[in-house]
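Below you'll find the structure, written out as structure tokens, and then a few comments.
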Amino acid sequence: MLKNATAHLAVFGANLIYGMNYVLAKGPMPDYVQPRGFIFMRVVGALGLFWLFRLLWRKQSQGKSQKIAKKDYVRLLFCGLFGVCLNQMLFFEGLFRTSEINSSIMMTSNPLIVLIIAALFINERITGPKIIGIIIGGIGATLIILSGDRSVEGSSRFGDLLILGNSACYAIYLVSVKPLMKKYHPMLVISWVFLFGALFVIPLGFGQFTEINWDMPPSIIGSILFVIIGTTFFAYLFNIYGVSKLNASVVSSYIYLQPVLATIFALIISYDEKVGGITYEKIGYAFLIFIGVYLVSKPQKSHMRA
């Protein structure tokens, strides 16, 4: 794990941002912006940032830019569909219909889905510690939500199912983008992924974008900027770097931190009526999550990458 400490730190940073995102992204909806209008701003804004930074990166590398092979454009299109369009559409539509904490818990299905897809399609080895780690982390995350108040407002099964679909799409993306990361620079990959993703998002979200209520207080503007710059640009960049160094199942295992981080952040900004207080039980459940992440991330004695 220490060998790839920077990659692990980047993935942790991405999930810290995602944990905050559950609370901050819900604030602007629906009074100021509808889900698809929000996604339009998020994807188009991040697309501009990614291509700007790609140009700067190209200048620093003295114009030495890798050329994408024609056959890889199909995979980039696929990654844009699942990693940007469907992933974000299902997340925002689900978050709009359910609670922040429910959303973060439903996302903990992602590591199991990633592990199965990776084993089936890219021959990623499933080891005993990985299976045990995923089970322990899943138990910890589930116990956190079961220990909370079941009368949380704004929760719905349909919204939870949409978040589950979001989790599946993100799993497909993580596994699909891994082969590209072995061939190309992360900035090159993520720039093209967002470009193709925007081709799907723009026609779906432009209508709601035109209906946005721009008479917003500073707190709502701050939330929107956080989603565009933090959750979309930096979190995707951190994750794509992590995928370039780590197995997809290791990257996805960090999602188990999101319920803990989302709960802590909700408490910090006084959303404690939604999540209940922090108790010794919840600290114990969080410890199970940390154990799960460690077991999935722990290097094997073979020369496999952690």
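Going letter by letter, the sequence shown gives residues 236 to 541 in the numbering used here. Even for Gly, the Cβ is constructed at its ideal location relative to N, Cα and C. Source: prediction; values computed, not measured.
- Per DSSP, reduced to three states, the secondary structure at Tyr267 is coil, with no helix or strand assignment.
- Considering only Val410, Ile464 and Phe500, the residue with the shortest C-alpha distance to Phe288 is Ile464.
- Assignment of Glu359 by DSSP, reduced to helix, strand and coil, places it in the coil class.
- Taking 8 angstroms as the cut-off, the Cβ atoms of Asn358 and Ala406 do not count as close.
- Exclusion of the five residues before and after Ile425 leaves Phe285, Tyr471, Leu472 and Ile475 as the residues of its chain whose Cβ lies within less than 7 angstroms of its Cβ.
- The continuous alpha helix (DSSP H) containing Lys413 extends over residues Arg392 to Met416.
- In the DSSP assignment, Asp307 falls within the unbroken alpha helix (DSSP H) covering Lys305 to Gly315.
- The three-state reading of DSSP puts Glu446 in coil, since its state is none of H, G, I, E or B.
- The beta-carbon separation of Phe327 and Phe273, rounded to 6 angstroms, stays under the 8 angstroms limit for a contact.
- Taken through DSSP and simplified to helix, strand or coil, Ser488 comes out as helix.
- Gly329 and Met264 have their C-alpha atoms some 12 angstroms from each other.
- Closest option to Met255, judged by alpha-carbon separation, among Ala353, Leu397 and Leu502: Leu502.
- Taking all protein chains shown into account, Thr333 has 16 or more neighbouring C-beta atoms within 10 Å of its C-beta and is therefore buried.
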